[in-house]
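Numbering (the working numbering), first residue to last: 945 to 1213.
The C-beta atom is built at its ideal place from N, Cα and C for all residues, glycine as well.
On a predicted model such as this, the values are computed, not experimentally measured, just so you know.
Okay, structure first, notes after.
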Amino acid sequence: MSLFVQEVGSREKPSLVFLHGGGGGGWMWQEQIAELRGAYHCLAPDLPEHGGSMAVTPFSIAGCAQQIADLIQERAQGGKAHVVGLSLGAQVAVALLAAAPERLHSALISSAMLRPAPGAWMYTPAMLKFTYQTCVAPFKNVNWWIDLNARYSSGIPERYYAYARADFQRMTEDAWLQVMSENLNFRLPAGLDKVKVPVLVMAGEGEYEAMKQSARELAAALPNARLELVQHARERWFGSPFSLAQQHNWNLNDPQRFTQRLRQWLENL
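Laid out in structure tokens, this is it:
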């Protein structure tokens, strides 16, 4: 089965492919697409075993990278695209750089974990299954729990809760196990030293040290990469510091700043 893809803008314009984070969907990019659709042809797929692509199984980062390469070849202007990846989508973008750099004009990679995450040793297959059965399955129809999880575990603003609920309710045990396992075990792929594609590598200053070190190592591995650690100050309305989760999903929590930096990156290539 093919991926569910939101496509906006003219195919006569340069193509932008947006790759969302784990547990989300192409909806995570709607504010960026709204701002950029006039200048770019935007493609926002739901990754395998997510959202509208839940029936596309199994999820693997390597397999997903190939599917995105095929999508670009088939639907992007000239068979090439600028790729923007966040979190799980950033890991897919890294795999895409290694596997099919000829399909990319450039990449912006935000918060791609390439090292063991804090406490990752605890997340055995048995523990991941237990987590799903105790923290996901019993709460599929408990909106307040889903909203609480969206806010504090994922840093998702309230205006996106309806999307987060729908994706939470779609998530199967098999999908949870597969996506989490791939995310936790992804490491820097071989061959990046031969990739000439310009890449902007980003992470939040307040994210886990393993995330920031992953960004440093990725930038060092790519011959044409730039590293930026982003200082996130405070939420716009409440004046409180951004949480780690909000910094991670900063395209949702500080969308104007994210879009402005993306636009600057693209215009200065």
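- DSSP lists no bridge partner for H964.
- Judged by DSSP in its simplified three-state form, M1124 adopts helix.
- Judged by beta-carbon spacing, A1051 lies beyond the 8 Å limit of A1006, meaning their Cβ atoms are not closer than that value.
- By alpha-carbon distance to L1136, the top candidate from D1014, E1046, H1192 is E1046.
- Inclusion of F1130 and L1048 in the CB contact set at 8 Å is not warranted, their separation being larger than that value.
- By the neighbour-count criterion, in which a residue is buried when 16 or more other Cβ atoms sit within 10 angstroms of its Cβ, N1168 is exposed.
- Residue pairing from DSSP leaves C1008 without any beta-bridge partner.
- Scanning its chain for C-beta atoms nearer than 6 Å, with the 5 sequence neighbours on each side dropped, one finds around Q950 the residues G970, A988, in chain order.
- Within 10 angstroms of the beta-carbon of D1118 lie fewer than 16 other beta-carbons, which makes it exposed.
- With fewer than 16 neighbouring CB atoms inside 10 Å of its own CB, W1065 falls in the exposed class.
- Taking 8 Å as the cut-off, the Cβ atoms of G967 and D1111 count as close.
- For V1036, the enclosing alpha helix (DSSP H) starts and ends at 1032–1043.
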